[in-house]
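Residue numbers (this note's numbering), protein chains in the order written: chain A, 1475 to 1595; chain B, 12 to 294.
Here it is in structure tokens:
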């Protein structure tokens, strides 16, 4: 079973994403911001991270830079999942090391196709 | 909304007569949702009322709108993903060698709906520009639906459509943001493809002979008779060493003797020559 860490300050989004991911046979962990997500990664690195952009404490972009710039030998796939839907944000995310990008709102098919593209589904 | 049995029968017969497509029992629930916007626009109180107007034969525009609405246009970029890997890993590599002298390839997406499959193929070729330098690659999409072909030609997709199946790198390379929530195919990609409104039962589009034909998730909606005719048309359109790709739930087995399964590529079919012998494949 693959593992996914859902990082989003919205409880509703986390719940929706969890539901979809569990139907896709993922084990799911949740974090409310980038700082909590880093702690989760230190404890156990997931196969893939579904990452919001705007969050309190530590944003998705700050988290991604910290993750990719760290000495960690395991590097998970990172799929941004955000309402920042313009080309400038998308390019910035890719440059920072994101593997894929989901523009909210999303549905099961979109998420599944993006997870297939990064090779975890 | 309730639909009487007789209205269901009339709508099914209309679609079948005009397109060869059937509304199977499992898809009957779609009638209601498919006709909702027409009902609202034309201010019909019930589907039976709409059907009565259709039957009167005095409203050809309504007939066309109903047929368009009942056609299934479900598609997305790189649908099912694996067929594209299979195509570019096997047959296209083989044809690249077989056509190395004339350096031409023609691909037909029969029943291309709103164009995503056609653009997906074209993106894969454009991604390997150096490899295909000097080649003439014709990628043609055809569909019965006028509305679907207009959308395919326009190449504008909603945010929802553009990210379904499409890797983000290809999205930023081949699409331009328009008006905040829509994405338009970039000129280089648009110029790499062509679209025509046509039924599979019509003669194939130019150039008439294709190295690869994709007809995915189309034939399953057809009547047996229409399916047989479609296979005949597809067989006429495909090169003797060409390949046919159908949808995941579709097969030629028991449907036609014009194609057989490709033993080297599961899910692909190769034409049987007029004399009954299978085209010889040289790897």
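Just so you know, even glycine gets a beta-carbon here, dropped at the ideal spot from N, CA and C.
Under 9 Å between C-beta atoms, does residue i make it to chain B?
i	result
residue 1561/A	yes
residue 1588/A	yes
residue 1487/A	no
residue 1523/A	no
residue 1494/A	no
residue 1591/A	yes
residue 1491/A	no
Can you tell me where the alpha helix (DSSP H) holding residue i begins and where it ends?
i	result
residue 87/B	Element bounds for residue 87/B: n/a, residue is neither H nor E.
residue 259/B	Careful: residue 259/B lies outside any alpha helix (DSSP H) and carries neither H nor E.
residue 1586/A	1582-1591
residue 71/B	71-81
residue 185/B	179-185
residue 65/B	58-67
residue 40/B	40-53
residue 1497/A	1485-1497
residue 173/B	170-174
residue 198/B	198-201
residue 94/B	93-100
residue 161/B	157-165
residue 1510/A	1508-1517
Could you give the residue range of the beta strand (DSSP E) that holds residue i?
i	result
residue 19/B	Element bounds for residue 19/B: not the beta strand (DSSP E) but the alpha helix (DSSP H), 16-30.
residue 150/B	147-154
residue 230/B	From DSSP, residue 230/B is part of no beta strand (DSSP E); its letter is neither H nor E.
residue 205/B	204-208
residue 123/B	Taken as a continuous stretch (DSSP letters only), residue 123/B belongs to no beta strand (DSSP E), as it is neither H nor E.
residue 1524/A	1522-1525
residue 1529/A	That residue, residue 1529/A, is in no beta strand (DSSP E); it is neither H nor E in DSSP.
residue 1564/A	Looking at the DSSP string, residue 1564/A is not in any beta strand (DSSP E); the run it does join, the alpha helix (DSSP H), is 1561-1569.
residue 1477/A	1476-1481
Within 10 angstroms of its Cβ, does residue i collect 16 or more other Cβ (buried), or is it exposed?
i	result
residue 161/B	exposed
residue 293/B	Its pLDDT being 48, under 50, residue 293/B is placed unreliably by the model, and nothing is read from it.
residue 39/B	exposed
residue 1541/A	buried
residue 217/B	exposed
residue 287/B	Residue confidence for residue 287/B is low, a pLDDT of 49 falling below 50, so the modelled location carries little weight; the figure read from the coordinates is stated next. Looking at its Cβ environment, which holds fewer than 16 other Cβ atoms inside 10 Å, residue 287/B is exposed.
residue 1475/A	exposed
residue 93/B	exposed
residue 1585/A	buried
residue 31/B	buried
residue 274/B	exposed
residue 284/B	exposed
residue 1516/A	exposed
residue 108/B	exposed
Kindly indicate if chain A contains any beta-carbon less than 9 Å away from that of residue i.
i	result
residue 294/B	Confidence at residue 294/B is low in this model, with a pLDDT of 44, below 50, so its placement is unreliable and no value can be given for it.
residue 134/B	no
residue 50/B	no
residue 18/B	no
residue 179/B	yes
residue 171/B	yes
residue 195/B	no
residue 295/B	Residue 295/B lies beyond the range of chain B shown here (12 to 294); nothing can be said about it.
residue 176/B	yes
residue 191/B	yes
residue 284/B	no
residue 183/B	yes
residue 149/B	no
residue 188/B	yes
Can you give the beta carbon distance from residue i to residue j, rounded, assuming they're within the 8 Å contact cut?
i	j	result
residue 14/B	residue 58/B	5 Å
residue 1505/A	residue 1538/A	At roughly 13 Å, the Cβ-Cβ gap does not stay under 8 Å, so residue 1505/A and residue 1538/A are not in contact.
residue 1483/A	residue 1529/A	4 Å
residue 245/B	residue 255/B	6 Å
residue 163/B	residue 190/B	The pair is not a contact, with the Cβ atoms about 19 Å apart (cut-off 8 Å).
residue 42/B	residue 49/B	That pair is no contact at about 11 Å.
residue 134/B	residue 202/B	Wrong, their Cβ atoms sit about 13 Å apart, outside the cutoff.
residue 168/B	residue 193/B	7 Å
residue 5/B	residue 228/B	Lying outside 12 to 294, the shown extent of chain B, residue 5/B is not represented and no answer is given.
residue 1553/A	residue 1573/A	6 Å
residue 119/B	residue 221/B	4 Å
residue 28/B	residue 84/B	At roughly 20 Å, the Cβ-Cβ gap does not stay under 8 Å, so residue 28/B and residue 84/B are not in contact.
residue 73/B	residue 53/B	7 Å
residue 1547/A	residue 1520/A	Not really, about 15 Å apart at Cβ, beyond 8 Å.
Any Cβ of chain E within less than 9 Å of the Cβ of residue i?
i	result
residue 158/B	Absent from the structure is chain E; the protein chains it does hold are A and B.
Listed in chain order, which residues of the segment 73-96 of chain B have Cβ atoms closer than 7 Å to some Cβ of chain A?
If the cut-off is 7 Å between Cβ atoms, the segment 73-96 of chain B has 92 near chain A.
Near-chain B residues of the segment 1563-1585 of chain A (beta-carbon distance less than 7 Å), N- to C-terminal order:
1564, 1565, 1568, 1574, 1575, 1576, 1577, 1583, 1584
Any residues in the segment 256-279 of chain B with a beta carbon nearer than 7 Å to a beta carbon of chain A? Which ones, in chain order?
Contact residues of the segment 256-279 of chain B toward chain A are absent (C-beta to C-beta distance below 7 Å).
The segment 222-256 of chain B: which residues have C-beta closer than 7 Å to a C-beta of chain A, in chain order?
Under the 7 Å Cβ criterion, the segment 222-256 of chain B contributes no residue.
Check distances from the C-beta atoms of the segment 41-68 of chain B to those of chain A and list, in chain order, the residues that come in under 9 Å.
none
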